[in-house]
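If you're matching positions, the first sequence starts at 18 in this note's numbering and goes up one per residue. Note that beta-carbon positions come from the ideal geometry of N, C-alpha and C, so glycine has one too. Keep in mind that this is a model prediction, so the values were computed, not measured. Structure, as structure tokens:
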Amino acid sequence: MFKNLLPSKIRVRIAPSPTGQLHFGTARTALFNFLFARANNGVFLVRIEDTDVERSKKEFEKDILDNLTWLGISWDEEIIRQSERKKIYHPYIKKLLEKDLAYYCFCQAEDLEAIKAEQMSRGEAPRYSGHCQSIKPEIAQERITQGEKSIIRLRVPQKNIEFEDLVKGKITYDASLFGDFVIAKNEDEPIYNLAVVIDDFESRISHIIRGEDHISNTPKQIIIQKMLDFPRPHYIHLPLILNPDRSKMSKRKNITSIKDYREDGFLKEALINFIAFLGWNPKTNTEIFSLEKLITEFSIKGIQKAGAVFNLQKLEWFNNYYIKHLPLETLFELSKDYFQNCQDKEKIKKIISLQKDRVKKLSEFKTNSKFFFELPNYEGQLLIWKNSPNDLILNNLKKIKSEFEKINNSDFVFINLKKIIDGLVGESGSGEIYWPLRTALSGLKESPPPLEIAEIIGQKESLIRIEQAMELLKSELTG
RNA sequence: GGCCCUAUCGUCUAAUGGUUAGGACAUCAGAUUUUCAAUCUGGUAAUACGGGUCCGAUUCCCGUUGGGGCCA
């Protein structure tokens with residue numbers, strides 16, 4: 018139904034500043050733009066807003082692009098960098114000055130600060146007084162040649178600016194509260210709002226999908242568009258992702274960089290699925306969505322109006338879900354680096370398939386699997402099942418050991434071990450067999466079941482560990 | 001401070017002018033199990049408040065309060 022309202026070709030973009038690693042919020046904005054473009058046969062662009070020379074870094078640009086790619090979010094045309102576009106901005110700024118829609122301002126920053134403070138203390142909207150409004154262009158040029166510092170302001174019309182947001186509905190601002198805001202440092206260097214308007218026009222952007230924190234920039238951008246005779250794109254402002262205290266998601270209170278999640282072992286499938294559901298939903302009870310499915314299901318109508326708190330537990334749940342459902346070979350490829358001390362691929366795969374239900378993120382394969390390679394230190398008491406007597410446990414371990422010794426090394430696999438242990442369980446209780454065997458093999462209070470561990474660590478190591486447990490118990494008995 | 005946005009379980013959310021207000025995560029209990037995880041079953045838990053409009057409001061309108069964002 019949207020198709021009738023839209024111009025012929027959907028073109029959307031994201032415009033990150035390369036002043037930090039790919040942020041969760043940027044990733045979500047990118048995802049929504051990407052989904053909207055793909056769902057509507059449109060074009061998705063990336064524009065790097067790197068005009069802040071001090072803070073912009075190439076390495077951040079690389080991080081942003083690499084991680085978008087990793088997530089599966091791809092763009093369609095060549096990347097645009099604002100730093101390379103001075104020539105493009107110049108004629109527009111020139112035009113605004115020539116048509117007297119903008120003017121040079123020579124006010125000192127300190128004076129402006131003082132006025133602003135005064136206005137705020139009176140409860141007024143802080144805005145420019147209009148001090149330099151009527152300086153004649155020739156005079157202004159003269160002062161500039163003489164080296165006086167200046168900036169360029171827009172002559173803002175005193176009227177209401179109204180626009181339609183496809184998520185929020187009609188939004189109205191009183192432009193007379195803005196004052197004549199600054200649009201450029203000089204004829205080559207626009208500041209944020211002007212650059213955005215020119216770039217979006219030049220890229221023929223049809224829909225601006227961005228975070229809600231940009232709503233208050235929108236009326237200013239619309240004023241500029243009007244003065245430059247640009248068409249107005251559609252606006253879609255996304256609700257913000259929030260910290261648990263409901264402030265805007267920030268580095269201080271959360272891990273915000275996609276790279277960090279990636280390195281911690283979050284799968285792209287989980288991240289995409291989770292991010293998509295932060296502020297959007299398909300209005301059904303289904304929650305597991307691949308990127309492909311999101312493309313077919315995505316609709317502006319499903320976007321939420323209010324901010325959404327970032328919930329790590331839900332992300333972890335998604336991640337565990339996708340880990341469990343990934344093919345073993347894929348899981349191995351993604352996780353093999355966590356097993357650098359082991360060269361045995363089959364062994365690693367066995368460990369992974371045994372642990373995959375138990376990990377919330379891939380990095381836990383490493384932390385949860387140490388005991389396969391090195392038995393942790395533990396107290397003899399750990400071997401005791403409930404209130405059973407020490408000598409019973411010791412005797413059971415002894416029985417297990419002698420049974421395990423009888424098996425051929427090549428037969429030391431789960432099904433054979435199961436038969437043996439089930440036989441012993443018949444004589445004793447299952448707790449009195451399984452518990453001490455498991456703790457002997459893992460050295461842990463909580464771990465996967467014993468026979469699976471035994472198969473993985475092998476006959477020799479299993480016997481060593483059982484032996485060691487028996488020694489521990491004996492010293493408990495005597496001591 | 002000004003302006004703008006916003007409000008359903010703890011969290012993400014569904015729904016409707018008349019519903020036992022639904023689902024998911026989390027949580028609790030039970031089943032399973034030697035422990036943990038996973039799995040299955042069940043439970044607790046929400047329409048911010050005050051006014052209207054209406055036979056009837058969580059839904060529409062106004063206000064209050066709360067939360068957030070932007071502006072420097």
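Check, Outcome
"Ile368 in three-state terms, based on DSSP", "helix"
"Whole-number beta carbon distance between Trp297 and Glu324, since they are thought to touch under 8 Å", "The question names Glu, yet the displayed sequence has Gly at residue 324. In fact, because the Cβ distance is near 13 Å, the residues do not count as touching under 8 Å."
"Own chain, CB closer than 7 Å to Lys300, minus 5 neighbours either side, in chain order", "Gly319"
"Simplified DSSP state of Asp205, which is helix, strand or coil", "coil"
"8 Å Cβ cutoff met for Ile110 and Ile161", "no"
"Coarse secondary structure for Thr36, derived from DSSP in three states", "coil"
"N-terminal and C-terminal residue of the beta strand (DSSP E) that His224 is part of", "224-228"
"Cβ-based neighbour list, Leu22, same chain, cut-off 7 Å, excluding 5 preceding and 5 following", "Interpretation of Leu22 is limited by its pLDDT of 44, a score under 50 that renders its predicted location unreliable; no figure is taken from the coordinates."
"Gln360 to Ser380 span [Cα, whole Å]", "18 Å"
"First through last residue of the beta strand (DSSP E) which encompasses Lys187", "186-191"
"Leu288 vs Ile275 beta-carbon contact at 8 Å", "yes"
"Given Asp408 as reference, the closest of Glu155, His251, Thr303, Glu488 once Cα atoms are compared", "Glu488"
"Ile222 vs Arg30 beta-carbon contact at 8 Å", "yes"
"Whole-angstrom distance between Asn260 and Lys270, CA atom to CA atom", "7 Å"
"CB contact flag (Leu490, Gly397, <8 Å)", "yes"
"Whole-number beta carbon distance between Arg64 and Thr36, since they are thought to touch under 8 Å", "No, Thr36 and Arg64 are not in contact; Cβ-Cβ is about 14 Å, not under 8 Å."
"Distance, His40 Cα to His342 Cα", "27 Å"
"Whether Lys185 touches His254 by CB criterion (8 Å)", "yes"
"Rounded Cβ spacing between Asp67 and Ser34 (contact assumed at less than 8 Å)", "7 Å"
"Extent of the continuous alpha helix (DSSP H) run through Arg160", "154-162"
"Per-residue burial, Lys367 [other beta carbons within 10 Å of its own, 16 or more giving buried]", "buried"
"Per DSSP, the bridge partner or partners of Tyr121", "Ile169"
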